[in-house]
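So the number in my numbering is just where the residue sits in the sequence shown, counting from 1, plus 4.
C-beta: ideal position from N, C-alpha, C; glycine also.
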Amino acid sequence: MAYNGGRNEATMKIALFGGAFDPPHRGHVGIVEHLLEKRFDQVWIIPCWRHPLGKKSLPFWKRFRLCRLAFRPFGKKVRLQDIERRLHLDRSWTVETLRYLCRKYPRQEWTLVIGEDNYQKRGEWRGFEEIEKRATLYRIPRGPSSSIPDVSSTEVRQKAALGRDLTGLVPDSVCRYLGQHSIY
5 MAYNGGRNEA
15 TMKIALFGGA
25 FDPPHRGHVG
35 IVEHLLEKRF
45 DQVWIIPCWR
55 HPLGKKSLPF
65 WKRFRLCRLA
75 FRPFGKKVRL
85 QDIERRLHLD
95 RSWTVETLRY
105 LCRKYPRQEW
115 TLVIGEDNYQ
125 KRGEWRGFEE
135 IEKRATLYRI
145 PRGPSSSIPD
155 VSSTEVRQKA
165 ALGRDLTGLV
175 PDSVCRYLGQ
185 HSIY
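Now the structure itself:
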């Protein structure tokens, strides 16, 4: 089904993949590959504007740029969204993002991508019961039986700060950008 430019003429199955993406790494790319294999019409990448728990991260636009580099090879099946920036909230709350999306695109079928670790902490989320009503949850498989690379953004930031090689941890385009701009 083709994207219709925002008009609500046809229902699409859209996977919402949010996160800090500080920086986007091979694990994130692996999750997108996994989602596309599951027959979603599109995957929307949603970098958070401000972490809900106040976690420090690179400024939004730097993370947005890194996401553009990381996910560009997927073409139109993967769309980078600045929704949480446009909501102008003091923090990025998933429930607020879903409320906005359900109002703006009422006919779309939303699936929220959530890591098993975050699912276990769902009691700490603002409005989790409402989240479950507005979107289907898709828990990302983890562990030895998963094909998704086990990489953490913390590990990438630490290695980058020490000037270590990031090959294999982040997409090549992100690796080049981080090297050229000494971000961490």
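In this structure, how does DSSP classify residue i when only helix, strand and coil are distinguished?
i      : result
Phe25  : coil
Gln85  : coil
Trp65  : helix
Pro2   : Since the first and last residues shown for the chain are 5 and 188, residue 2 lies out of range.
Gly119 : strand
Please classify residue i as buried or exposed, where buried requires at least 16 other C-beta atoms within 10 Å of its C-beta.
i      : result
Gly172 : exposed
Asp169 : exposed
Gly29  : Checking the sequence, you will find His at residue 29 rather than Gly. It is buried - the Cβ of His29 has at least 16 other Cβ atoms within 10 Å.
Tyr123 : exposed
Cys71  : buried
His32  : buried
Which residues does DSSP list as the beta-bridge partners of residue i?
i      : result
Trp114 : Ile18
Thr171 : Val174
Gln46  : Ile18
Please report the residue range of the alpha helix (DSSP H) in which residue i lies.
i      : result
Val160 : 157-165
Ile35  : 30-41
Val178 : 176-185
Lys125 : Taken as a continuous stretch (DSSP letters only), Lys125 belongs to no alpha helix (DSSP H), as it is neither H nor E.
For the beta strand (DSSP E) containing residue i, list its first residue and its last residue.
i      : result
Leu57  : Here Leu57 belongs to no beta strand (DSSP E), and DSSP marks it neither H nor E.
Thr140 : 140-144
Please look up how many angstroms separate the CB atoms of residue i and residue j, rounded, as I've assumed it's under 8 Å.
i      : j      : result
Leu73  : Ser177 : 4 Å
Gln112 : Ile49  : About 16 Å; that fails the 8 Å criterion.
Any beta carbon of chain C sitting closer than 7 Å to that of residue i?
i      : result
Gly119 : Here chain C cannot be found, since the structure has a single protein chain.
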